[in-house]
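Trainee:
Protein chains: 2
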Amino acid sequence: MPAHYTDPVALILIALMFIGLSAAVGGWLVQKLGQPAVLGELLVGILIGNVAYWLHEPIITVVREGDVVRQIAIYALTHTVTLVGAAKSMLPPGPETARVLTALGSEVGPRAVGVYLFVDALSRLAVIFLLFLVGLETSVTEMRRVGHRAFSVAIVGVVCPMFLGLGAMALIMPGMSLAHDLFIGGILTATSVGITARVFHDLGRTQSTEARIILGAAVVDDILGLLVLAVVTGLVVRGTVSVWGISAITLKAVVFLVGSIGAGIWLTPRLVPRIRRIGFRNVRLLFGLGLAFALSWLANRIGLATIVGAFAAGLILERFFTHELEDEHSLREVLSPLEYLVVPVFFVLMGLQVKLETFLNWHAIELASILTVVAIIGKLIAGPAAGRGVSWLSVGIGMLPRGEVGLIFASIGKALGVVDDTVFSAIILMVVVTTLLTPPLLGIVMPRTEQKHPVPVRAATTTTRSPD
Amino acid sequence: MPAHYTDPVALILIALMFIGLSAAVGGWLVQKLGQPAVLGELLVGILIGNVAYWLHEPIITVVREGDVVRQIAIYALTHTVTLVGAAKSMLPPGPETARVLTALGSEVGPRAVGVYLFVDALSRLAVIFLLFLVGLETSVTEMRRVGHRAFSVAIVGVVCPMFLGLGAMALIMPGMSLAHDLFIGGILTATSVGITARVFHDLGRTQSTEARIILGAAVVDDILGLLVLAVVTGLVVRGTVSVWGISAITLKAVVFLVGSIGAGIWLTPRLVPRIRRIGFRNVRLLFGLGLAFALSWLANRIGLATIVGAFAAGLILERFFTHELEDEHSLREVLSPLEYLVVPVFFVLMGLQVKLETFLNWHAIELASILTVVAIIGKLIAGPAAGRGVSWLSVGIGMLPRGEVGLIFASIGKALGVVDDTVFSAIILMVVVTTLLTPPLLGIVMPRTEQKHPVPVRAATTTTRSPD
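So the sequence lines, in the order shown, correspond to chains U and C.
Counting from 1 along the first sequence, just add 10 to a position and that's the residue number in this note's numbering.
Counting from 1 along the second sequence, just add 10 to a position and that's the residue number in this note's numbering.
(1) List, in chain order, every chain U residue whose beta-carbon is nearer than 7 Å to that of Leu-281 (chain C).
(2) Alpha carbon to alpha carbon, what distance is there between Thr-278 (chain C) and Phe-330 (chain C)?
(3) Quick check: is the beta carbon of Ala-258 (chain U) nearer than 9 Å to any beta carbon in chain C?
(4) Would you decide whether Ile-437 (chain C) is buried or exposed? Buried here means 16 or more other CB atoms lie within 10 Å of its CB.
(5) Does any residue of chain U bring its CB to less than 9 Å from the CB of Thr-316 (chain C)?
(6) Here's a check: name, in chain order, each residue in its chain whose Cβ is nearer than 8 Å to the Cβ of Leu-308 (chain U), leaving out the five neighbours to either side.
(7) Tell whether a beta-carbon distance below 9 Å holds between Glu-220 (chain C) and Ala-396 (chain C).
(8) For Val-110 (chain U), which residues of its own chain have a beta-carbon under 7 Å away from its beta-carbon, when the five flanking residues on both sides are left out?
(9) Who are the Cβ neighbours of Arg-291 (chain U) in its own chain at under 7 Å, not counting the five residues just before and after it?
(10) DSSP three-state label for Gln-7 (chain C), please.
(11) Can you check whether the C-beta of Ile-194 (chain U) is within less than 9 Å of a C-beta belonging to chain C?
(12) Quick check: is the beta carbon of Phe-369 (chain U) nearer than 9 Å to any beta carbon in chain C?
(13) Contact criterion: CB-CB distance below 9 Å. Does Phe-290 (chain U) meet it with respect to chain C?
(14) For Ser-257 (chain U), does the count of other Cβ atoms within 10 angstroms reach 16, so buried, or fall short, so exposed?
(15) Thinking C-alpha only, which one of U:Trp-64, U:Thr-107, U:Glu-349 and U:Leu-239 is nearest His-211 (chain U)?
(16) Is Leu-183 (chain U) helix, strand or coil when you go by DSSP?
(17) What is the DSSP secondary structure of Ile-380 (chain U), counted as helix, strand or coil?
(18) Helix, strand or coil for Leu-410 (chain C) per DSSP?
(19) For Pro-347 (chain U), report the span of its alpha helix (DSSP H) as first-last.
(20) Would you mind telling me which residues of chain C sit closer than 7 Å to Trp-307 (chain U), beta carbon to beta carbon, in chain order?
(21) Residues of chain C with CB closer than 7 Å to the CB of Asp-17 (chain U), please, in chain order.
(22) Along chain C, which residues have their Cβ under 7 Å away from the Cβ of Ala-34 (chain U)?
(23) Using a Cβ-Cβ cutoff of less than 6 Å, which residues in the same chain neighbour Val-150 (chain C) once the five nearest sequence positions on both sides are dropped?
(24) Short check: CB of Val-35 (chain C) to CB of Pro-68 (chain C), under 9 Å?
(25) Can you give me the Cβ contacts of Gly-234 (chain U) inside the same chain, cut-off strictly under 8 Å, excluding the 5 residues immediately before and after it?
(26) I'd like the span of the alpha helix (DSSP H) that includes Asn-488 (chain U), first residue to last.
(27) Just by C-beta distance, which residues in the region 234 to 249 of chain U are closer than 9 Å to chain C?
(28) Could you tell me which chain U residues have their CB closer than 7 Å to the CB of Tyr-126 (chain C), listed as they occur along the chain?
(29) Have a look at Val-129 (chain U) and Arg-121 (chain U) and give me their C-alpha separation to the nearest angstrom.
(30) Alpha carbon to alpha carbon, how far is Gly-214 (chain U) from Gln-461 (chain U)? Give it in angstroms, no decimals.
(31) Report yes or no: is there a C-beta of chain C within less than 9 Å of the C-beta of Trp-254 (chain U)?
(32) Taking the alpha-carbon positions, what's the Leu-362 (chain U) to Ile-56 (chain U) distance?
(33) State buried or exposed for Ser-404 (chain C), treating a residue as buried only when at least 16 other CB atoms are found within 10 Å of its CB.
(34) Report yes if the C-beta distance between Val-137 (chain C) and Phe-356 (chain C) is below 9 Å; otherwise report no.
(35) Report the CB separation of Val-384 (chain C) from Gly-175 (chain C) in whole angstroms; it is logged as a contact under 8 Å.
(36) Quick check on Lys-365 (chain U): does DSSP put it in helix, strand or coil?
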């Protein structure tokens, strides 16, 4: 019998405090070295995750297993097994699995899973929120002005890594199936724009042409990534590709983007004043986040990344809510404290899930080095496609990070049996390296604006706006 | 194989949108009728929860089972059973259980559990956040000034319902064990201050003497509740009460409150400028929420409610961060949008978990009516203990709501076998009625201030501060 009631949220409180403190310390340290705060958040996450893992700390051990933990929990709930039973049947035997089993079987095991699932969901909301805010700082007019450049960057940035990947595979792993090589190529194509968006944000350069081109290219990239995935899985599963299917995917994605942005821009100024007139309070906050959540969900429904929907929502509202102030504060400004509190959760958690022990496999490192070089060259080549008048190097570097999209690709490839464990480790290494390289490299090639430390509320006020 | 990747947060996005929209509509409707917004949030939750339940909507069915769902999930994860298996072995057979089993066994079942656990954790964070904000608006000097009044109100408000409860039980359920009657009495004592705090907030009266007395009394109430629970469970489990144990509990609680508030007020102005000087950003936000989370966790560790810790953190920082502005915005002001977004989640979720079908049991209604009358009289009598110069009716009504503390008491009683199903239903009805009565009654006896619709950012600026 419980001596007293334990609030189920107590462990989550500690986890959030811990993450917030780590983020603050990490960000502070790297900013002293002139780096964007996000790099510090990633690094402090990596440090804590690996130290705690070596010390067999059960909660961190559970958290760093990331996606696997969610799958274990779902498996355990839908089959007649415990968490440990599910983990045993899902993970290959080995010392790493032994640690996970110990952690899951410990007294705090199930509660640690609960903490992970909450913090993970919060971090996913955080990155949706981040891209919404970036969208709010990006004008559609400007995006259209750089549209053709973004499109070129995206096309080159997908085609080059794909073909370089195919070539590299033919050289170093000859005799593998075409499907295998196509998967590797596909994994190399997808830019993960979260890191770049955050770096531009840290540097106060969200309004730059380079930032707009990269964001536009990332949206196009996401659509192209969908197509590549459809083609490749079609080839692997059915041995053929349906032109009809590919066209349908493209059409859905384009209709979603053009339709939602068009309809949104038309509807918002007609709808919001009416809702306000009825007497609703805080329409700006409710309508803003409501739209962001709705479009994120819708984007995910048609197969795009949630963050593409959130970015679209931001684009829609940039026009309206910038020129329309409630209580002399813009929506962007009002959301700043929330941003400061939740966005670092995503990046610290990302760091926590980087497994340094992957670097102990020599063959994986070899393969990872080649993949990383191909990944970097493939995107740097895309830089000059941005055309004249912008820093091609900034654009190329901004396109470097591969993140969850690449990992999703890899996990589907693993499920299909075309990607083995070593290749999978190599891909994770490639993702880690490209992600960690981006903040310092961008910091070097893109000078900061004067406003060195964006602070909530004040940040939004002092950020220079383009005169559109 | 997945045709595409589904972001695990997609369903949570929809849930949050849905809750946000419901809260806005509910709040708007009751405000038209001159009622505090929180009443609308509760009512809209009740409406949706019960309609969706009758329509067999699986996600809402899972959500409205509330605490039981968490226990089912934990049981399923720690034993070798599925969610459905766990529910079967935990719930009594009957039509209601059949619905829950169908919902849990449906395709969205496990995902609905995930959504519930996230939204529930968020709502618990929200109420912690709310009490922190209320603390930020309450000065320690003022609290000490009303200390003796709050203490009297708390003592009378615990002793009266306890003895009235014992008396009522002796009359209507003679022959029950003393333990049973003491449990019922204990359940009637604990005020749940979340609702009252929110109502004062909605009415713009957080700064009133009545509000301070009620908040102080609620803190004392929580300590007394701990003692009552210890005494009663001691009697039931061991048949005896340890004076030593009771003294230890009291000492721990008092040391925690006096110690943390004293140390906090002394340390904050010495610590914060130093942290800021090192170059940390947003110290106010980080330190503020960090302290709130830390004290909430600590309060829970020693057996007090998490919200008592959050309130103490607010009290500590009221002094410091009110007089110390970063960028011309107070901490209270910067947190307003977050408050507006997350706090209603708690109240809508509370409404969603009210089961109207409980009202179909005649015996439960009879018992509930008596318990409710006793609960109301017991607390109204405590009103005059506030002394002269304040509205005793406001204080009495403000003490009415019984919430989770009563339910926790009841569930421990159920686990010990001293509270049966009918009594349990009656207790839930009593909790629902006292909770729903408080907002409209307080709205009647306490006039609103001029500032009718507190709006984020502006609200904090225009709220009049006491000149302490």
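Backbone N, C-alpha and C define an ideal beta-carbon position, used for all residues, glycine too.
Quick caveat, the model's predicted, so the values are computed rather than measured.
Mentor: Taking the coordinates as given:
(1) Around Leu-281 (chain C), no beta-carbon contact reaches into chain U at under 7 Å, the shortest distance being about 14 Å.
(2) Spanning the two alpha carbons is a distance of roughly 7 Å.
(3) For Ala-258 (chain U), the answer is no, since every Cβ of chain C falls outside 9 Å of its Cβ.
(4) Buried, because 16 or more other Cβ atoms sit within 10 Å of the Cβ of Ile-437 (chain C).
(5) Proximity of Thr-316 (chain C) to chain U, defined by a Cβ-Cβ separation below 9 Å, is satisfied.
(6) So the list reads Phe-266, Ser-270 and Gly-319, once near-sequence residues are dropped.
(7) Less than 9 Å separates the beta-carbon of Glu-220 (chain C) from that of Ala-396 (chain C).
(8) The beta carbon of Val-110 (chain U) sits closer than 7 Å to those of Thr-71, Glu-75, Ala-97 and Leu-101, all from its chain and outside the five residues before and after it, given in chain order.
(9) Nothing listed; no residue qualifies.
(10) This structure leaves residue 7 (chain C) out entirely; chain C is present only between 11 and 478.
(11) Not flagged as an interface residue toward chain C: Ile-194 (chain U), since no C-beta distance is shorter than 9 Å.
(12) So, not an interface residue.
(13) Between Phe-290 (chain U) and chain C, the shortest Cβ-Cβ separation is below 9 Å.
(14) Ser-257 (chain U) sits exposed, since fewer than 16 C-beta atoms from the chains shown fall within 10 Å of its C-beta.
(15) Closest option to His-211 (chain U), Cα to Cα, is U:Glu-349.
(16) Sequence check: residue 183 (chain U) is Met here, not Leu. DSSP places Met-183 (chain U) in the coil class of the three-state scheme, outside both helix and strand.
(17) Helix, per DSSP.
(18) Coil, per DSSP.
(19) Element bounds for Pro-347 (chain U): 346 to 362.
(20) Within 7 Å Cβ-Cβ: Ala-20, Leu-23 and Ile-24.
(21) Ordered by position in chain C, the residues that pass the 7 Å Cβ test against Asp-17 (chain U) are Arg-134, Asn-310 and Thr-316.
(22) Listed by position along chain C, the residues whose Cβ is nearer than 7 Å to that of Ala-34 (chain U) are Phe-290 and Leu-296.
(23) Around Val-150 (chain C): Leu-325.
(24) Judged by beta-carbon spacing, Pro-68 (chain C) lies beyond the 9 Å limit of Val-35 (chain C), meaning their Cβ atoms are not closer than that value.
(25) Contrary to the premise, residue 234 (chain U) reads as Leu rather than Gly in this sequence. Cβ neighbours of Leu-234 (chain U) beyond the five flanking positions: Ala-164, Ile-165, Val-168 and Thr-199.
(26) No statement about residue 488 (chain U) is possible, as the shown extent of chain U runs from 11 to 478 and does not include it.
(27) From the region 234 to 249 of chain U, only Leu-236, Leu-239, Ala-240, Thr-243 and Val-247 have a Cβ closer than 9 Å to chain C.
(28) Within chain U, no residue comes near Tyr-126 (chain C); the closest Cβ sits about 11 Å away, beyond 7 Å.
(29) Approximately 12 Å, taken between the alpha carbons.
(30) Low confidence applies to Gln-461 (chain U): its pLDDT is 44, below 50, so where it sits in the model is not reliable, and the reading given next is rough at best. Spanning the two alpha carbons is a distance of roughly 7 Å.
(31) The beta carbon of Trp-254 (chain U) sits no closer than 9 Å to any beta carbon of chain C.
(32) Each residue's alpha carbon lies about 5 Å from the other.
(33) Looking at its Cβ environment, which holds 16 or more other Cβ atoms inside 10 Å, Ser-404 (chain C) is buried.
(34) Yes, these two residues count as a Cβ contact at 9 Å.
(35) Rounded to whole angstroms, the Cβ separation of Val-384 (chain C) and Gly-175 (chain C) is 6 Å, and the two are in contact under 8 Å.
(36) Of the three classes helix, strand and coil, the one that applies to Lys-365 (chain U) here is coil, per DSSP.
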